[in-house]
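Numbering-wise, our numbering comes out as the position in the sequence shown, counting from 1, plus 133. Beta carbons are placed, not taken as given, at the ideal position from N, Cα and C, and that holds for glycine. These notes are about the structure you will find just below.
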Amino acid sequence: MKKELLKYRLLLPSQIEVQIHRAQEGGFWAKVKTFPGVVAQGEDILDLIEMVNVAIMDYVEVPTRLRKYLARYEPQLTRSDFKKIIEDYRHKELEEVVTKVIQGRTVMTFSQVAV
């Protein structure tokens, strides 16, 4: 299993670029620019992040039994992003604020985080 895990860790880059869009029918969809042809959709930003990870694992053909041992991708927020979140959080739900910040970018970098 160690050799298999190493193989997939080497195939997965430490960062990916993701283009996020609001879907006309509601929710969001994303194009993973790092992996040609990989797209994902979700009902909200948190669901979209999960679906981006699933789509990448499917693209690289990582066996389901190994996925829990590999790092996952999450949006990399900047200092100014956190500042906006803190300023707006007083008046709105946290998920709504984070969604607004993430959606405000054309292309976002997602970084691997340990599970």
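Nearest to glutamate 207 by C-alpha distance, out of Arg200, Glu137 and Glu150, is Glu150. Judged by pairs of C-beta atoms under 8 Å, the region 190 to 209 does not touch the region 154 to 161, as fewer than three such pairs exist.
Remark: C-beta atoms of valine 193 and valine 165 do not approach each other more closely than 8 Å. With respect to leucine 181, alanine 188 sits apart: the two C-beta atoms are not nearer than 8 Å. Distance from the CA of glutamine 152 to the CA of methionine 134, rounded to the nearest whole angstrom, comes to 33 Å.
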